[in-house]
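Numbering-wise, the working numbering puts 149 at position 135 of the sequence shown, and it's gapless, one number per residue. Beta carbons are placed, not taken as given, at the ideal position from N, Cα and C, and that holds for glycine. First comes the structure, then the notes that go with it.
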Amino acid sequence: MPAQADEVIREKVLTVADRLYYRRGIQAVGMDALRAEAGVSLKRLYQLFPSKEHLVEEVLHRRRQLWNGLVEAAVATGGTPRDRLLAIYDMLARWFDEDDFRGCVFINTFGELGATTPRIAALVREHKAEFQARVAQLVAEAGGPPSLAFQLAILAEGAQTTAAIAGTSEAAGHARDAAATLIDSVLAATATD
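Structure follows, in structure tokens:
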């Protein structure tokens, strides 16, 4: 089979896996269910992805790119460093309002597999560290200390979990309000030092 056809099938399997894992959970979706939904043979599925763990890793890589794109698009809407930081929470509110929102795929995956699959746990940790580093860059641009970045990232992470459990987007607004208070307080204190 030509490489181009392989890539088309690979993308289809990844799209189906992403949707099913996010909707049902990784452990609830076996390779047979994935094979049937994607319309590929089990043999072909394992040729493309040697194990379920490899498939989960690829899904997480795709989600990481998606998340980073959403963060960057949100940040680009802010005119000031403060606005860029708060835009992250606005993006979260839009995401939480989507019909298929089921929480953070990284948090969900870590909850399911983190204790038993070190490579998956490492990918989740890398993703979360990357987000914290991006928030730290934005905080530095605003003139804030590194500790503020950790606080703002924790607010975003907590909002994701709270929204998934509560089933509403209200957590994003509360997190945004708390973030604005923190940013204003810390930057005012920094300005007087």
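Using alpha carbons as the reference points, say which of the options lies closest to residue i.
i, options, result
"residue 109", "196, 53 and 83", "83"
"residue 118", "170, 61, 95 and 187", "170"
"residue 105", "199, 144, 181 and 187", "187"
"residue 181", "69, 114 and 86", "114"
"residue 50", "145, 39, 38 and 31", "31"
"residue 208", "37, 196, 175 and 138", "Coverage of the chain is limited to positions 15 through 207, which leaves residue 208 absent and any answer about it impossible."
"residue 94", "162, 157 and 142", "157"
Label residue i either buried or exposed according to how many other C-beta atoms from any shown protein chain fall within 10 Å of its C-beta, with 16 as the threshold for buried.
i, result
"residue 179", "exposed"
"residue 100", "buried"
"residue 147", "exposed"
"residue 87", "exposed"
"residue 3", "The first residue shown for the chain is 15 and the last is 207, placing residue 3 beyond what the model contains."
Go to residue i, then tell me how far its alpha helix (DSSP H) extends in each direction, as first and last residue.
i, result
"residue 98", "95 to 110"
"residue 189", "184 to 206"
"residue 151", "132 to 156"
"residue 172", "160 to 180"
"residue 125", "119 to 127"
"residue 83", "66 to 89"
"residue 61", "56 to 62"
I need the straight-line Cα distance from residue i to residue j, nearest angstrom please.
i, j, result
"residue 18", "residue 25", "11 Å"
"residue 69", "residue 205", "49 Å"
"residue 136", "residue 199", "34 Å"
"residue 71", "residue 123", "10 Å"
"residue 189", "residue 173", "6 Å"
Keeping to the same chain, check which residues put their C-beta closer than 6 Å to that of residue i; ignore five residues upstream and five downstream.
i, result
"residue 98", "89, 92 and 152"
"residue 166", "149 and 193"
I'd like the list of long-range same chain contacts for residue i, defined as Cβ closer than 8 Å, with 5 residues on each side in sequence excluded.
i, result
"residue 34", "43, 47, 48 and 51"
Considering only residues of the same chain and omitting the five flanking positions on each side of residue i, which have a CB-CB separation below 7 Å?
i, result
"residue 73", "28, 31, 32 and 35"
Please confirm whether any heavy atom of the ligand ADP lies closer than 6 Å to the CB of residue i.
i, result
"residue 69", "Ligands in the displayed structure: none, and consequently the ligand ADP is not present."
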